[in-house]
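The structure under discussion appears below in the form of C-alpha cells.
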Amino acid sequence: MKKFIHNLFLFAGAVAIILVLSIVFYCFMFKTPQTNRIPFLGDSTGKATINPKIATRYENYSQGGEAYLFTYFKLKQLINTQKVDTVLINFSPSNLINNEYEAVGVEGRERYLPFIDMEGQKDLFLGNPSIYIKSWTGLGKETLHLFKNDTISFGAYTPNLKKYQENYYESKEETHIPVYQTKYLDKIVKLCKEQNIHLVFVNLPKHIYDKDYPKYNRKEFLEFYYKNYPNIDFIDASAFNFSQRWGGIERDYFADISHNSEKGGVAFSEFLNETSLSELLKSKYNRRTK
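Under our numbering, think of the first position of the sequence shown as 226, with each following residue one higher.
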C-alpha cells in the first residue's frame, strides 16, 4: 500500500512538473502573428467565409464550433500581443440558440487552457469534466509544437469543399439560449468597452431560401439582439444575395444553410475587399438602432 501511494505521488509530481513547465513555456514563448489587420473571431461559418488573401483588411481567427468562452480569452491574448482598435465577432442564431459546449480539445483548443482564468477553468470543467481533464494532457503536444514554431494558430480560413446539404440542421421544438454563451458574450462586450475597442457583430450569409428554417430561429435571435445589444454595430449579411451580384445558382455559393462553399467564401471575401468597414456600417446591413 505504501509503495502504491509512493508511486502515485511520484506520478502526480511528474505530471505537475510537466504542466508547470508547459505553462511557463507558453507564457514566455507564446507569440501571435503581428498584423495591423482587423481580427475576425468566430466559428466554422467565419472559418469558411473570410479569406484574408482576398479580404486583405481582415485576419481570420475562426475555429469550428468555437464557444464565446474561447473567443473571449482569444481576444484577450490578441490584445496582449498586438494593437487592436476594431474587432469583428461572429454573431448568429447558431452561436446562441441551443448551442451547447463543444469539446475542449476540438481543433486544438487545449492550447488556450494556460490563458484561461480560474472562472473559465471552472466553467469548462463543469461543462464536461472528463474531456476537460483529458485536454490538459494534450498540452504537451502543443508545447512540442512550439519548439518547432514559436507561433500557434488561433484559427484560420479553410475553404468548405462540401456540396450543399439541405438537411444540415434538425429542427427542435424547444429552443433556449445557454447562460454560458451570454455570460462570455457580455464579457467580450465589457472587455472591448474597457479597452476602447470598436466591437462589431457580424452575421455572415445564410442560404436565402432556407434562412427561415425552424432551427435557424431568426425571430428569437433578433429579439435577443435588440433587447440586449441595440447600441452595438451589427452587420447582418444573412440575406446577402450572391447570384444577383455574381450570377449563377444561389445554392452553389453554400455548403448548407449556414456555411458558405468555397465559391461563396471567395465571392464574399471579394465583396469585403471592395467594401470598407465604414461603408458597411453606414449600409442597410447595419441593424444598430442607437
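Just so you know, even glycine gets a beta-carbon here, dropped at the ideal spot from N, CA and C.
Residue of the options minimising C-alpha distance to residue i
i: residue 424; options: 453, 457, 321 and 443; result: 457
i: residue 311; options: 319, 360, 260 and 338; result: 260
i: residue 507; options: 272, 402 and 461; result: 461
i: residue 463; options: 500, 305 and 483; result: 483
i: residue 509; options: 300, 338, 264 and 459; result: 459
i: residue 454; options: 280, 347 and 316; result: 316
i: residue 407; options: 444, 341, 428 and 450; result: 450
i: residue 403; options: 478, 354 and 348; result: 348
i: residue 342; options: 356, 302, 452 and 359; result: 302
Proximity of residue i and residue j at Cβ, strictly below 8 Å
i: residue 416; j: residue 282; result: no
i: residue 475; j: residue 467; result: yes
i: residue 409; j: residue 294; result: yes
i: residue 318; j: residue 382; result: no
i: residue 497; j: residue 314; result: no
i: residue 279; j: residue 486; result: no
i: residue 420; j: residue 263; result: no
Supposed contact pair residue j and residue i - C-beta distance, whole angstroms, cut 8 Å
i: residue 267; j: residue 291; result: 7 Å
i: residue 296; j: residue 413; result: 7 Å
i: residue 380; j: residue 307; result: Between residue 307 and residue 380 the Cβ distance is about 15 Å, and since that is not below 8 Å, they are no contact.
i: residue 385; j: residue 480; result: 4 Å
i: residue 361; j: residue 335; result: 7 Å
i: residue 429; j: residue 270; result: 5 Å
Under the three-state DSSP convention, the category residue i falls into
i: residue 339; result: helix
i: residue 426; result: strand
i: residue 312; result: strand
i: residue 497; result: helix
i: residue 481; result: coil
i: residue 453; result: helix
i: residue 279; result: coil
Residue-level contact to chain D via CB, residue i, 8 Å cutoff
i: residue 409; result: Looking for chain D here will not work: only one protein chain is present.
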